[in-house]
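Each remark here refers to the structure printed beneath this line.
Residue numbers (our numbering), protein chains in the order written: chain A, 383 to 692; chain B, 1492 to 1698.
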């Protein structure tokens, strides 16, 4: 059992998310899925096991039983009973030890994986916390001090010697180039306004979406029908400040959506931090798929190696 | 017979299929999924297919979807259930809506309860259904500025749609009443009690 001594800024239980958009339910799931996958592989969990997503400022947690954990994603400072904890490594914890996770100078989120995976009541096949809907995770909310988290106990293993190569981690900024594919709504005017210039990430950056500060001239269509959103869509509301959609975004939207971030770059959205800059670069569908194949091949190889190098 | 179908890739992992047989196609894809299709998300007259691009590319999916559609066009659509929603018609916009429709409030309520509504699709928030079939006179312009908080259970009219807010959320539709029915209740075996294709009838609550 984990006892939450200090809750941190916004810690939520997240796994790989759910697939029931047809019922109006957002996907959810860890905003940096690379951190989730590598973190789980480090402790011998299935790729979709639930862990704790840490945002901006971390929690203080007391472990009441021995555990094996990993902390992956943005370089949050962390200590275990005062000793520094290496990021991207499997770390053995003794009963009674206290993990303190601080802040991060770059990026926004980390994934704390515990061998066995955090427990929760599945909602539509996932224990991910949906903060807006108020379900999943721990009572559908972020951690509070005094909370207790349980994990499923697996046979103990020694921490593996292998660790993921730094090149695999999601890039953290502060400058981001996001590769995008245009939709039929990307005309010449919007292409000129949106591409190959920099936007600043505003303070409205949560699990639903990230607002950019600079405005472009947005087409206004009040009678527009609501249509399904897809991961990584860039919405253009009437005020012209683009919104990048994150895992908790609503399933349908009525704003123009001229760009979609390519699948290989979706993990970067989870690391966008207020004040960072974003540049959209248009690529072809073929190069988007090629980038995904390369990334996925490297990730699968790393996951395999981490699971077997014990 | 070949029906008009439009395929539009949305990014590298989704494709939009616009077809008059959207609902039938959704049922067919849920009953017998195509490899690489992760989710089928409906809207009015269209589906968005979310794909695993490592398994199937949108451009290579088109043929398989057209094959499914060709079979469907010969079959009649399955009819949905009827969901009766008891409503207390005391919403803050009831009088405004009645005046806009050229009716008394009682006349508006009568017309609304007589309208054959159908669940077009779900979206926006968990369990929220876009109900279609409002007569033209009952179609209300949306608010210029959405309310920051619409109470859960509010029955609302917006553009061509009617709807019930399952949770308290912001909302820009006109509120005509409220219901105690819950359209997103995780304690039930079926948390969301309606699906695209179901019929809906509002009736005046006797409570």
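Where a beta carbon is used, it is the ideal one built from N, C-alpha and C, also for glycine.
Open item on the list: Please list, in chain order, the residues of the segment 661-690 of chain A that have any C-beta partner in chain B closer than 8 Å.
Closed with: 667, 670, 671, 674, 675, 678
Open item on the list: If the criterion is Cβ atoms closer than 8 Å, does the pair residue 1689(B) and residue 1574(B) meet it?
Closed with: Taking the second chain and counting its residues from 1, one reaches residue 1689(B) at position 198. Taking the second chain and counting its residues from 1, one reaches residue 1574(B) at position 83. Closer than 8 Å, so yes.
Open item on the list: Buried or exposed for residue 1505(B), going by 16 or more other Cβ atoms inside 10 Å?
Closed with: Looking up residue 1505(B) in the second chain gives position 14. Counting Cβ neighbours within 10 Å, residue 1505(B) comes out buried, since at least 16 surround it.
TODO: Could you check if residue 1678(B) is buried or exposed, using at least 16 other CB atoms within 10 Å of its CB as the buried criterion?
DONE: If you number the second chain from 1, residue 1678(B) lands on position 187. Exposed, since its Cβ has fewer than 16 Cβ neighbours within 10 Å.
Open item on the list: Are the CB atoms of residue 1600(B) and residue 1695(B) within a distance shorter than 8 Å?
Closed with: Taking the first residue of the second chain as 1, we reach residue 1695(B) at position 204. Taking the first residue of the second chain as 1, we reach residue 1600(B) at position 109. Yes.
Task: Test: residue 1530(B) CB closer than 8 Å to a CB of chain A - done: Position 39 of the second chain, counted from the start, is the residue given in the question as residue 1530(B). Closer than 8 Å: yes.
Task: Exposed unless 16 or more other CB atoms sit within 10 angstroms - verdict on residue 639(A) - done: As a position in the first chain, residue 639(A) is number 257, starting the count at 1. Looking at its Cβ environment, which holds 16 or more other Cβ atoms inside 10 Å, residue 639(A) is buried.
- [ ] Check each candidate in 1609(B), 1580(B), 1612(B) and name the one with the smallest Cα separation from residue 1598(B).
- [x] The count along the second chain starts at 1 and reaches residue 1598(B) at position 107. Nearest option by C-alpha distance: 1580(B).
Open item on the list: Taking the straight line between their C-alpha atoms, what separation do you get for residue 1492(B) and residue 1657(B)?
Closed with: Translated into positions along the second chain, residue 1492(B) becomes position 1. Translated into positions along the second chain, residue 1657(B) becomes position 166. Here residue 1492(B) scores only 48 on pLDDT, less than 50, and its place in the model should not be relied on; the value that follows carries that caveat. Distance between the alpha carbons of residue 1492(B) and residue 1657(B): 41 Å.
Open item on the list: Tell me the residue span of the beta strand (DSSP E) that contains residue 481(A).
Closed with: Locating residue 481(A) in the first chain gives position 99, where the first residue counts as 1. Segment 480-483, the beta strand (DSSP E) holding residue 481(A).
Open item on the list: For a minimum of 3 consecutive residues, which ranges assigned as the beta strand (DSSP E) are wholly contained in the segment 1602-1637 of chain B?
Closed with: List check, beta strand (DSSP E) in window: 1608-1613, 1620-1623.
Open item on the list: Please list, in chain order, the chain A residues whose beta carbon lies closer than 9 Å to that of residue 1582(B).
Closed with: By 1-based counting over the second chain, the position of residue 1582(B) is 91. Result: empty, since nearest Cβ-Cβ is about 22 Å, beyond 9 Å.
Task: Pick from 474(A), 684(A), 449(A) that is closest to residue 548(A), judged by C-alpha positions - done: As a first step, residue 548(A) must be located in the first chain, where it is residue number 166. Minimum Cα distance to residue 548(A) is reached at 684(A).
Open item on the list: What does the Cβ neighbour count give for residue 686(A), buried or exposed, with the cut at 16 atoms within 10 Å?
Closed with: Numbered from its first residue, the first chain carries residue 686(A) at position 304. Result: exposed.
Task: Under 7 Å by beta carbon: chain B residues contacting residue 614(A) - done: The sequence position of residue 614(A) within the first chain is 232, counting from 1. Simply 1502.
Open item on the list: On the CB-based measure, 16 or more other CB atoms within 10 Å of its CB, does residue 1671(B) come out buried or exposed?
Closed with: In the second chain, counting from the first residue as 1, residue 1671(B) sits at position 180. Exposed, by the Cβ-count rule.
Open item on the list: I'd like to know whether the C-beta of residue 1539(B) is nearer than 8 Å to at least one C-beta of chain A.
Closed with: Position 48 of the second chain, counted from the start, is the residue given in the question as residue 1539(B). Yes, because at least one Cβ of chain A sits closer than 8 Å to the Cβ of residue 1539(B).
Open item on the list: Given this structure, state the Cα-to-Cα distance separating residue 606(A) from residue 528(A), to the nearest angstrom.
Closed with: Taking the first chain and counting its residues from 1, one reaches residue 606(A) at position 224. Taking the first chain and counting its residues from 1, one reaches residue 528(A) at position 146. Cα to Cα, the separation comes out at about 46 Å.
Open item on the list: Tell me which residues share the same chain as residue 659(A) and place their Cβ nearer than 6 Å to its Cβ, disregarding the 5 neighbours each side in the sequence.
Closed with: Numbered from 1 along the first chain, position 277 holds the residue referred to as residue 659(A). Cβ neighbours of residue 659(A) beyond the five flanking positions: 557, 580, 582.
- [ ] Can you say whether residue 1639(B) is buried or exposed, counting buried as having 16 or more other CB atoms within 10 angstroms of its CB?
- [x] One-based indexing of the second chain puts residue 1639(B) at position 148. Residue 1639(B) should be labelled exposed.
Task: Anticipated Cβ contact below 8 Å, residue 392(A) with residue 437(A), distance rounded - done: For the purposes of this step, residue 392(A) is taken as residue 10 along the first chain, with counting starting at 1. For the purposes of this step, residue 437(A) is taken as residue 55 along the first chain, with counting starting at 1. About 4 Å separates the two Cβ atoms, so the contact holds.
Task: Proximal chain A residues relative to residue 1572(B), where beta-carbon distance stays under 8 Å - done: Taking the second chain and counting its residues from 1, one reaches residue 1572(B) at position 81. What residue 1572(B) touches in chain A: nothing, since even the nearest Cβ is about 15 Å away.
- [ ] Could you check how far apart the C-beta atoms of residue 498(A) and residue 518(A) are, in whole angstroms? I think they sit under 8 Å.
- [x] Here residue 498(A) is taken as the residue at index 116 of the first chain, counted from 1. Here residue 518(A) is taken as the residue at index 136 of the first chain, counted from 1. The pair is not a contact, with the Cβ atoms about 19 Å apart (cut-off 8 Å).
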